[in-house]
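Student: Those protein sequences? They're chains Y and X, same order as listed.
So for the first sequence, this note's numbering puts the first residue at 1; every next one is plus one.
So for the second sequence, this note's numbering puts the first residue at 1001; every next one is plus one.
For glycine and all other residues, C-beta sits at the position ideal for the given N, C-alpha and C.
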Amino acid sequence: TSGQCCSMQPGWGRCTQAAGTRQAPGLGESLVSLPLNCSGHQEPSCSHCVGQRGKITDIHYTIAIREWKKKKFKNIHCLSVLIFLCLNSQGVRKSYREVIDVSWGDPHRAGVKPLSFVRQVLAACLYPQLMDGDKLMVDVKQRAQRLLKTCAGGSVGKTSGIPQIIQSVSEYILRRDGGIPCHPENIYITPGSQWALTNILKVLVNSEASPRTGVLIPVPCHSTTIVSLTALGAVAVPYYLSEERGWALEVETLQQALDSAKGVCNPVALYIINPGNPAGYVQSRKCIQEVIHFAAEKKLFLLADEVYQDCVYGKESEFVSYKRALAEIGAPLSDTVELASFHTASKGLMGECGLRTGYVELVNLDPAVMKYINNLFSTNSCPVLGQVALDVMVNPPQPGDPSYPLYLKTQHIRASLAENVRRVEEVINSFPSFSCQSLEGGAFAFPRVFLPPKAIEKAKAGLQPDTFYCMRLLEEAGVLFSPGTEYGQMEGTYHISFCIMTPTDTMEEILKRLSTFHKQFMREFA
Amino acid sequence: MSATRVQLISPRTLRLLSPGRSALFLPGGGGPHRGGGVPGFRSLIFPSLSSSFSSPGRALSSLSTTRRGLPKTKMSDNGTMTRGKVLTIDNMNPTVKKVEYAVRGPIVQRAVELEKELSEGRKKPFAEVIKANIGDAQAMGQQPITFFRQVLALCSYPELLSDSTFPEDAKSRACRILNSCGGNSMGAYSASQGIGSVRQDVARYIERRDGGVPCEPDNIYLTTGASDGIVTMLKLLVCGEGATRTGVMISIPQYPLYSAALAELSAVQINYYLNEEKCWSLDIGELQRALDEARLHCNPRALCIINPGNPTGQVQSRECIEDVIRFAAKERLFLMADEVYQDNVYAEGCQFHSFKKVLFEMGPEYSETVELASFHSTSKCYMGECGFRGGYMEIINMDDDVKDQLTKLLSVRLCSPVPGQALMDLVVNPPQPGEPSYERFIKERTATLSALAEKARLTEQVLNTVEGIRCNPVQGAMYSFPRITIPEKAIQEAKKLGQQPDMFYCMKMLEETGICLVPGSGFGQREGTYHFRMTILPPTDKLKILLNNVKEFHQRFTQQYS
């Protein structure tokens, strides 16, 4: 029977919505009269629509139309397609003019401006003629020239990225970790940190082993990693973060997770997200040390997702890298515990997600294994522009550089983030039916919502209650959040998740729409 | 089953449609939740998917969730912790060990070392290392297309839009691209299938290329270079165990991306040999032979074709493509057409025919049934922009359910690099007559392509003057793949070193001349024959010297070992 306990199957499975159930009533009522095929904006390939729809694909569109025809709305993204169509058509009126999509950790989409220095260097690398004039600062030109020398314009990087940029990354890590040595040959640059994670998982997960390979993952956890794991035939073994204690990781829960895996799979790795995503925690040095001791004792490979390392707001919080904590513990652990740490140009204050560049640093790996890892990484090349952005990220303008005053604007982004954090905590916690743990880092808020039993009952006819809530929020207030269901949560608890990396006025608008909607929703189901 | 059509597409919907954590996690553990009785939990038991192919007429009708079967290697309970490591050579994923990538193999590693030694002032018999191993055009001095770079610079730093030195058409193109980006920034994620307006432009391009054969933007997927698309498609195709394990037919010589991906996926590689005597043409009899033999031990499901050929440089005739399509239809194989060199055709009388066009011209019997994936990228042709990792694939006749799964697979990497998508858009939609940048664009493109044609002729001509080297015409692509005669003594010497004879040859050439080539053994070749792959990309004057050095080296080598 132990096999039945296991909720993951090898390979790609279908995650289906419970079939044949009724949809929760009260959804999509405003859309029923949507005049399809009337305004010229309804075709899936209409460039106007496609451009505006953002993450929505034509397949969403197809399903959306299918759902619309059946008057059954189950998918929040399809619903957002319909709402988009609605906003563009003459027939239906909404109380809002556009949907604010904060379901993704995508600062530029949410209205944060790219850093000028990064973009100037990119432009100069792309079109070196720009360096002839006086439009660009001297340090921009110098940086671009230095980088161009290393990469010959648009050429494929070397096996693991452009050597000089890897060197810059290793120097950055060295500075970050207070001088703990960092070897460039242990760093691989990839098209995004998820790509690097997938590669490391590929090495760890023995698809032919029985019992199957297990990886401990936190709850809540963003889903991309879980999808990667499942795709490789591994079992995701959940450990639950303690919400009441600010989403703290308690070592006992790791032990419980290991116990739960007995007879099901063979756990080889422990995946940690710090700072958290979607919960906004930042782990303390003490916590990290405990986790490392646990990993050492239980022979687990550490996978540290540290992509939000630059996003720490908590007054008492400090980002400590797993690598640093490991080194500070000293021998024998510091020489034995295997660790992969991931970082990216997509997050942080730069937010260049679209360039697709991240890296992994490997610590204490068996040299015999490193040989194959090197082979594996050498089959993919990483986009050069992303590597350029990475170089700027790890090596930003310094005081005294001509671009430094402009670069200081990142501090403005930091300040507006701090303001957002304050406002989110203030507004959300002013409702007794919400509870938001203190936001210390990362890019998301993940407040718990106490839904009235009537709402839960109504939703459960066809949807998870928090999905129902988010879909109603989308339809009625034009704000796109993610339901906690998508990340995993304790049974019987419900959450909503949204990105807090937005301009402050956008965040005010979001909170305003949310508050109005929430009051009304709670009244309706009181 | 048909009632529960899969609706998941992006990572977001994926989360959404998986009803709760019961679907994603192993139940129990720290949580109080038990799986039994929850509807979402049942969905994860996957009601016999492998037997529910929704359209049995398709080679690829649904993802198999066949269990991986019994372990081939059992992990020992206590022996895994050699030197205290969790991850050891003994317990790592065995399929990863099989991955090899010749284009960046030991020769290239040695070349890098030699470059370093040269820069440190060490004396060598050559002044510089010439990397003729990889099709990286711009590293070889090919100039980028000005218009493309202008638009991309504008997209990167839109403040430049007020700069009067940029042509108006570049500006309007940049605005159009930025308008399709989230937050008007190339730094935002796009949909995982790619930016809608770009896919639309790609579809229009394909229609023009194929003389009006219709193309749906829905069938276009923007990828991280063509290789991302190829690997993803293979991932979708491979399933089964033992004698039912998926077999994939690839040409020999082949581009090592295919063998590496198949090794990683533990798929069965089915080799069919191209006919070197007939200018590396594809012979249906050989396809049949390879397939019949393979059927005894695996389940062949896909046929990969590289046209124009890499590393062999042949361009397939229309007739040959028709034969291949008929063969695929008869044998129910999924066709994968790697057409990244579609603009690189030099030989007179040769013309590029896309598989899609030929398929549709063969009538509905074929055009409505044969499943085809065609790949293109921004890395080759006259653009040579390898560093942007732009590419697309067009998928034809694929089952809708499988398409959903494909989008899910692609969603793991979130999206392909947005600047690469923007560049792809420019490639399929270059300046038009009457626009300010048109003349310059045509001039630059023609210059690059005619230089390549000239270098293709030159390479063939010079190599064929060397006794012991025989080179087929380089009809297309960017490489020559000449056959070399290696003296018996050298073969023995190589064996002593545990090297392939052509690896030995290329390593020696590198040490003596600084020329970096890839041995034929990295691509596969008929037993007892030896080759190397050399790009035709170096500038003409440099190429002449290079060819001459190859010539002299070969003569020296032959003399030394005869």
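Straight-line CA distance for S515 (chain Y) to V427 (chain Y)?
Tutor: For this step, residue 515 (chain Y) is matched to residue 515 along the first sequence. For this step, residue 427 (chain Y) is matched to residue 427 along the first sequence. Between S515 (chain Y) and V427 (chain Y), the C-alpha separation is close to 8 Å.
Student: Examine chain X for any beta-carbon lying closer than 7 Å to the beta-carbon of T150 (chain Y), and answer yes or no.
Tutor: Sequence index remark: in the first sequence, residue 150 (chain Y) carries index 150 (1-based). So no, T150 (chain Y) is outside the interface.
Student: Is the Cβ of S403 (chain Y) closer than 7 Å to any Cβ of chain X?
Tutor: In the first sequence, counting from the first residue as 1, residue 403 (chain Y) sits at position 403. Taking Cβ atoms only, chain X never reaches closer than 7 Å to S403 (chain Y), which makes this a no.
Student: Select from Y:S435, Y:F521, Y:M350 and Y:Y313 the residue whose C-alpha is nearest the C-alpha of Y494 (chain Y).
Tutor: Here residue 494 (chain Y) refers to the residue found at position 494 of the first sequence. Checking every option, the nearest Cα to that of Y494 (chain Y) belongs to Y:S435.
Student: Go ahead and pull the three-state DSSP assignment for N274 (chain Y).
Tutor: Here residue 274 (chain Y) refers to the residue found at position 274 when the first sequence is read from its first residue. Three-state result, N274 (chain Y): coil.
Student: Measuring straight from C-alpha to C-alpha, what distance separates I117 (chain Y) and M393 (chain Y)?
Tutor: Locating residue 117 (chain Y) in the first sequence gives position 117, counting from the first residue. Locating residue 393 (chain Y) in the first sequence gives position 393, counting from the first residue. At residue 117 (chain Y) the sequence reads Phe, which differs from the Ile that was named. Each residue's Cα considered, the two are about 10 Å apart.
Student: Quick one: what's got a C-beta closer than 8 Å to A1188 (chain X)'s C-beta in the same chain, skipping five residues either side?
Tutor: Within the second sequence, residue 1188 (chain X) is the residue found at index 188, counting from 1. Taken in chain order, the residues that qualify are C1181, G1182 and V1418.
Student: Let me see if you follow: with CB-CB separation under 7 Å, is R1389 (chain X) close to chain Y or not?
Tutor: Mapped onto the second sequence, residue 1389 (chain X) falls at position 389. Yes, R1389 (chain X) counts as interfacial toward chain Y.
Student: List the residues of chain Y whose Cβ lies closer than 7 Å to the Cβ of V1086 (chain X), in chain order.
Tutor: As a working note, residue 1086 (chain X) is residue 86 in the second sequence. Those are V268, K299, L300, F301 and E338, listed as they occur along chain Y.
Student: If you run the structure through DSSP and keep just helix, strand and coil, what is A340 (chain Y)?
Tutor: Position 340 of the first sequence holds residue 340 (chain Y). Three-state DSSP puts A340 (chain Y) in a strand.
Student: Give the interface partners of Q194 (chain Y) over in chain X, defined as CB-CB distance under 7 Å, in chain order.
Tutor: Position 194 of the first sequence, counted from the start, is the residue given in the question as residue 194 (chain Y). Result: V1412, R1413 and L1414.
Student: Checking the sheet assignment: what are the DSSP bridge partners for R1470 (chain X)?
Tutor: Translated into the one-based positions of the second sequence, residue 1470 (chain X) becomes position 470. X:R1483, per the DSSP bridge assignment.
Student: DSSP three-state call for M1336 (chain X): helix, strand or coil?
Tutor: Sequence index remark: in the second sequence, residue 1336 (chain X) carries index 336 (1-based). Strand, per DSSP.
Student: For a contact defined as C-beta to C-beta under 9 Å, what are the partners of T1558 (chain X) on chain Y?
Tutor: One-based indexing of the second sequence puts residue 1558 (chain X) at position 558. Result: empty, since nearest Cβ-Cβ is about 33 Å, beyond 9 Å.
Student: Give me the residue from Y:I496, Y:G478, Y:Q520 and Y:D505 with the minimum Cα distance to D101 (chain Y).
Tutor: Numbered from its first residue, the first sequence carries residue 101 (chain Y) at position 101. Nearest option by C-alpha distance: Y:G478.
Student: Could you tell me which residues DSSP puts in a beta bridge with A304 (chain Y)?
Tutor: The sequence position of residue 304 (chain Y) within the first sequence is 304, counting from 1. Answer by DSSP bridge pairing, in chain order: Y:I272 and Y:S341.
Student: Tell me which residues share the same chain as K55 (chain Y) and place their Cβ nearer than 6 Å to its Cβ, disregarding the 5 neighbours each side in the sequence.
Tutor: Indexing the first sequence from 1 puts residue 55 (chain Y) at position 55. At K55 (chain Y) the pLDDT is 38, less than 50, meaning the model places this residue with poor confidence; the figure from the coordinates comes in the next sentence. Here the set comprises nothing.
Student: The alpha helix (DSSP H) spanning M471 (chain Y) covers which residue range?
Tutor: Numbered from 1 along the first sequence, position 471 holds the residue referred to as residue 471 (chain Y). Taken as a continuous stretch (DSSP letters only), the alpha helix (DSSP H) holding M471 (chain Y) covers P465 to A477.
Student: List, in order along the chain, the chain Y residues whose C-beta lies closer than 7 Å to that of N1091 (chain X)?
Tutor: Translated into the one-based positions of the second sequence, residue 1091 (chain X) becomes position 91. Neighbours of N1091 (chain X) on chain Y, chain order: N206.
Student: If you measure beta-carbon to beta-carbon, which residues of the segment 470-487 of chain Y are closer than 8 Å to chain X?
Tutor: From the segment 470-487 of chain Y, only S482, P483, T485, E486 and Y487 have a Cβ closer than 8 Å to chain X.
Student: What residues in its chain sit with their C-beta under 7 Å from that of E524 (chain Y), if we drop five residues either side in the sequence?
Tutor: As a first step, residue 524 (chain Y) is located in the first sequence; it is residue number 524 there, counting from the start. Around E524 (chain Y): no qualifying Cβ.
Student: P402 (chain Y) to E1128 (chain X), Cα distance in whole Å?
Tutor: Taking the first residue of the first sequence as position 1, residue 402 (chain Y) is located at position 402. Taking the first residue of the second sequence as position 1, residue 1128 (chain X) is located at position 128. Approximately 37 Å between the Cα atoms of the pair.
Student: Drop a sphere of 10 angstroms on the beta-carbon of V337 (chain Y), count the other beta-carbons inside from all chains shown, and report buried for 16 or more, exposed for fewer.
Tutor: Stepping through the first sequence from its first residue, residue 337 (chain Y) is reached at position 337. Buried, by the Cβ-count rule.
Student: What do you get for A415 (chain Y), buried or exposed, if any count of 16 or more other CB atoms within 10 angstroms of its CB means buried?
Tutor: To locate residue 415 (chain Y), count along the first sequence from 1; it is residue 415. It counts as exposed.
Student: At the 7 Å Cβ level, is A443 (chain Y) part of the contact set with chain X, yes or no?
Tutor: The residue labelled residue 443 (chain Y) in the question sits at position 443 within the first sequence. Chain X contact via Cβ: absent.
Student: At a CB-CB cut-off below 8 Å, which residues of chain Y make contact with L1160 (chain X)?
Tutor: Locating residue 1160 (chain X) in the second sequence gives position 160, counting from the first residue. Result: A123, L130 and K135.
Student: Using a Cβ-Cβ cutoff of less than 6 Å, which residues in the same chain neighbour E1394 (chain X) once the five nearest sequence positions on both sides are dropped?
Tutor: Start at 1 with the first residue of the second sequence, and residue 1394 (chain X) comes out as number 394. Excluding residues within five positions, the ones whose Cβ falls inside 6 Å are N1219, I1220 and S1374.
Student: Whose Cβ in chain Y lies nearer than 7 Å to the Cβ of G1187 (chain X)?
Tutor: As a position in the second sequence, residue 1187 (chain X) is number 187, starting the count at 1. The answer, in chain order, is H108, P114, G351, E352, C353, G354 and L355.
Student: For G484 (chain Y), count neighbouring C-beta atoms within 10 Å of its own C-beta (all shown protein chains included) and say buried if the count is 16 or more, exposed if not.
Tutor: The residue you call residue 484 (chain Y) lines up with position 484 of the first sequence. So G484 (chain Y) ends up on the buried side.
Student: Flag this pair as touching only if the segment 320-329 of chain Y and the segment 378-393 of chain Y have three or more C-beta atom pairs under 8 Å; answer yes or no.
Tutor: Output reads no: the segment 378-393 of chain Y does not touch the segment 320-329 of chain Y.
Student: Strictly by DSSP, which residues pair up with V227 (chain Y)?
Tutor: Within the first sequence, the letter at position 227 stands for residue 227 (chain Y). None; V227 (chain Y) has no bridge partner.
Student: Please return the same chain residues whose Cβ sits closer than 6 Å to the Cβ of K1551 (chain X), not counting the five positions on each side in sequence.
Tutor: Taking the second sequence and counting its residues from 1, one reaches residue 1551 (chain X) at position 551. Excluding positions up to five away in sequence, the list reads V1466.
Student: State buried or exposed for K149 (chain Y), treating a residue as buried only when at least 16 other CB atoms are found within 10 Å of its CB.
Tutor: On the first sequence, position 149 is the one that residue 149 (chain Y) refers to. The residue in question, K149 (chain Y), is exposed, as its Cβ has fewer than 16 Cβ neighbours within 10 Å.
Student: In three-state DSSP terms, what is S168 (chain Y)?
Tutor: Within the first sequence, the letter at position 168 stands for residue 168 (chain Y). Note: S168 (chain Y) maps to helix in three-state DSSP.
Student: Over what stretch of residues does the beta strand (DSSP E) that includes V1268 (chain X) continue unbroken?
Tutor: Mapped onto the second sequence, residue 1268 (chain X) falls at position 268. Counting along the chain, the beta strand (DSSP E) containing V1268 (chain X) begins and ends at V1268 to Y1273.
Student: I need the straight-line Cα distance from L406 (chain Y) to G276 (chain Y), nearest angstrom please.
Tutor: Residue numbering aside, residue 406 (chain Y) sits at position 406 when the first sequence is read from its first letter. Residue numbering aside, residue 276 (chain Y) sits at position 276 when the first sequence is read from its first letter. Approximately 30 Å between the Cα atoms of the pair.
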